[in-house]
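**Student:** Numbering (full-length UniProt numbering), first residue to last: 1 to 321.
Glycine is no exception: its CB is placed at the ideal position from the N, C-alpha and C atoms.
Quick caveat: nothing in here was measured; it's all calculated off a predicted structure.
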Ligand SMILES: NC(=O)c1ccc[n+]([C@@H]2O[C@H](COP(=O)([O-])OP(=O)(O)OC[C@H]3O[C@@H](n4cnc5c(N)ncnc54)[C@H](OP(=O)(O)O)[C@@H]3O)[C@@H](O)[C@H]2O)c1
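Printed below as a string of structure tokens:
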């Protein structure tokens with residue numbers, strides 16, 4: 001296996017910055033592609049930063065020239081740009097890239113039953129396209145790929161009133177509160193990316209998705225830890241939400257308002273937020289990866305309960321994780 005040394009990282013969101021830090025720390029030579037260098041600027045001593053409208057067809061020739069000097073591409077672009085990655089992926093293959101990690105980083109990317117949910121139509125469409133593409137091109141084109149299922153972003157789950165409203169000590173239980181959801185911090189996702197690049201030819205990584213998480217947590221686990229960390233606090237825990245009912249209702253409203261075409265997953269979209277939260281908490285889809293994880297193959301240790309307790313304790317002190 002030819003080792004990957006030079007990596008092009010595409011996109012500078014919070015996950016992009018975490019991946020950049022993880023790749024630098026792991027010793028890769030990184031070229032960071034961004035439409036605006038602001039968020040990468042402070043890393044300019046360690047990485048080459050290239051400003052480029054990388055999803056614009058007019059940039060394809062320059063994108064390909066940039067990729068010719070790289071071994072791998074890691075794309076961390078926004079949910080709105082999932083399908084727009086196709087030309088970028090083709091440019092990487094034509095430039096002789098060995099391995100690509102396209103942007104998906106999803107919770108339900110390993111469950112095709114979730115493909116009717118907003119955002120997941122595109123994630124599954126992209127994965128289907130990658131699978132078809134790699135079987136079609138395997139003789140002439142050696143580029144391989146991995147997509148990452150990392151469960152929910154831990155910061156979204158703990159910093160926002162998703163399972164528990166820490167500042168106001170309030171929670172509304174999704175069903176019994178015991179359904180488990182795989183969750184992962186940004187640094188762990190970055191470690192998984194590094195693990196994939198170091199093992200890209202292995203059966204665990206080649207032309208497939210991987211499941212990684214820090215831990216599968218339930219609402220009750222988080223609430224119990226919050227009460228233990230701050231015994232003087234009083235939590236108002238409201239009656240159970242019928243998760244399946246909330247999911248079906250929000251899906252029906254979504255379809256009535258927005259049709260069934262391709263979906264855009266925008267931040268601050270409360271309907272999509274309710275829909276996706278009820279979907280991941282419903283137990284209807286594969287959102288708990290326990291028993292089907294590639295952490296070990298990628299060299300990514302799981303959290304202990306003490307690790308999770310540490311994060312919950314931070315939230316009870318008003319700190320963000
Ligand atoms: N599992 C979860 O809980 C979860 C939650 C949210 C997102 N995700 C996944 O994480 C990945 C990154 O998502 P994110 O929410 O971190 O993305 P984001 O912050 O919204 O965007 C990441 C970067 O994408 C680039 N970009 C390219 N085209 C864009 C467009 N049309 N609109 C906005 N940004 C665009 C921008 O980088 P430049 O300006 O540098 O070009 C931007 O900083 C995606 O694969 C997404 O599916 C997972």
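Count the other C-beta atoms from every protein chain shown that fall within 10 angstroms of the C-beta of residue 71, then say buried if there are 16 or more, exposed otherwise.
**Tutor:** It is buried - the Cβ of residue 71 has at least 16 other Cβ atoms within 10 Å.
**Student:** My assumption, with CB atoms under 8 angstroms, is that residue 289 sits in contact with residue 202. Please give the rounded CB distance.
**Tutor:** Not a contact, Cβ separation roughly 18 angstroms.
**Student:** DSSP three-state label for residue 227, please.
**Tutor:** Note: residue 227 maps to helix in three-state DSSP.
**Student:** Just mark residue 168 as buried or exposed, buried being the case when its beta carbon has 16 or more other beta carbons within 10 Å.
**Tutor:** By the neighbour-count rule (16 or more Cβ atoms within 10 Å), residue 168 is not buried but exposed.
**Student:** Just to confirm, does residue 293 get its C-beta within under 7 angstroms of one of the non-hydrogen atoms of ligand 1?
**Tutor:** Checking the Cβ of residue 293 against ligand 1 gives no.
**Student:** Can you check which of these residues, 81, 270, 155, is closest to residue 126 by C-alpha distance?
**Tutor:** The option with the nearest alpha carbon to residue 126 is 81.
**Student:** Skipping 5 residues on each side, what residues in its chain have a beta carbon closer than 7 angstroms to that of residue 271?
**Tutor:** Counting only Cβ-Cβ distances below 7 angstroms, and skipping sequence neighbours, we find 250, 253, 254.
**Student:** Which residues mark the beginning and the end of the alpha helix (DSSP H) in which residue 66 is found?
**Tutor:** From DSSP, the alpha helix (DSSP H) with residue 66 extends over 60-67.
**Student:** For residue 221 and residue 114, what's the separation of their Cα atoms in angstroms?
**Tutor:** Rounded to whole angstroms, residue 221 to residue 114 spans 25 angstroms at the Cα level.
**Student:** Is residue 107 close to ligand 1? I mean its beta-carbon at under 7 angstroms from any heavy atom of the ligand.
**Tutor:** Within the cutoff, so yes.
**Student:** Can you say whether residue 31 is buried or exposed, counting buried as having 16 or more other CB atoms within 10 angstroms of its CB?
**Tutor:** Residue 31 comes out buried.
**Student:** So residue 37 and residue 24 are supposed to be a Cβ contact under 8 angstroms. How far apart are they, rounded?
**Tutor:** Between residue 24 and residue 37 the Cβ distance is about 16 angstroms, and since that is not below 8 angstroms, they are no contact.
**Student:** Restricting to Cα atoms, I'd like to know which of 101, 8, 13 is closest to residue 326.
**Tutor:** Coverage of the chain is limited to positions 1 through 321, which leaves residue 326 absent and any answer about it impossible.
**Student:** So, is residue 191 buried or exposed, given that buried needs 16 or more other C-beta atoms within 10 angstroms?
**Tutor:** Classification for residue 191: buried.
**Student:** Quick one: residues in its chain with C-beta nearer than 7 angstroms to the C-beta of residue 95, no 5 flanking neighbours on either side, listed in chain order?
**Tutor:** These residues qualify, in order along the chain: 64, 67, 68.
**Student:** Can you tell me which of 20, 3, 12 puts its alpha carbon nearest to the alpha carbon of residue 193?
**Tutor:** It is 20 whose Cα lies nearest to the Cα of residue 193.
**Student:** Would DSSP call residue 129 helix, strand or coil?
**Tutor:** Three-state result, residue 129: helix.
**Student:** Answer yes or no: do residue 107 and residue 287 have a C-beta to C-beta separation smaller than 8 angstroms?
**Tutor:** Taking 8 angstroms as the Cβ cut-off, residue 107 and residue 287 qualify as a contacting pair.
**Student:** Below 8 angstroms between beta carbons: does that hold for residue 76 and residue 16?
**Tutor:** Yes. Within cutoff.
**Student:** For residue 94, report the span of its alpha helix (DSSP H) as first-last.
**Tutor:** Here the alpha helix (DSSP H) through residue 94 covers 86-94.
**Student:** Going by DSSP, what residue range makes up the beta strand (DSSP E) through residue 30?
**Tutor:** Per DSSP, residue 30 belongs to the beta strand (DSSP E) from 29-34.
**Student:** Which residues share a DSSP beta bridge with residue 75?
**Tutor:** BP columns for residue 75 point to 10.
**Student:** Look at the alpha carbon of residue 83 and the alpha carbon of residue 173, and state the distance between them as a whole number of angstroms.
**Tutor:** Distance between the alpha carbons of residue 83 and residue 173: 35 angstroms.
**Student:** Go to residue 232, then tell me how far its alpha helix (DSSP H) extends in each direction, as first and last residue.
**Tutor:** It is not in any alpha helix (DSSP H) - residue 232 carries neither H nor E in the DSSP assignment.
**Student:** Tell me where the beta strand (DSSP E) around residue 201 begins and ends.
**Tutor:** Run containing residue 201: none; DSSP gives neither H nor E here.
**Student:** Who does residue 48 pair with in a DSSP beta bridge?
**Tutor:** DSSP output for residue 48 lists 31 as bridge partner(s).
**Student:** Can you find at least 3 beta carbon pairs, one from the segment 198-212 and one from the segment 229-242, that sit closer than 8 angstroms?
**Tutor:** Counting Cβ pairs under 8 angstroms, fewer than three are found: no touch.
**Student:** With DSSP as the reference, label residue 147 as helix, strand or coil.
**Tutor:** Strand at residue 147.
**Student:** Following the continuous beta strand (DSSP E) through residue 116, name the residue where it begins and the one where it ends.
**Tutor:** Taken as a continuous stretch (DSSP letters only), residue 116 belongs to no beta strand (DSSP E), as it is neither H nor E.
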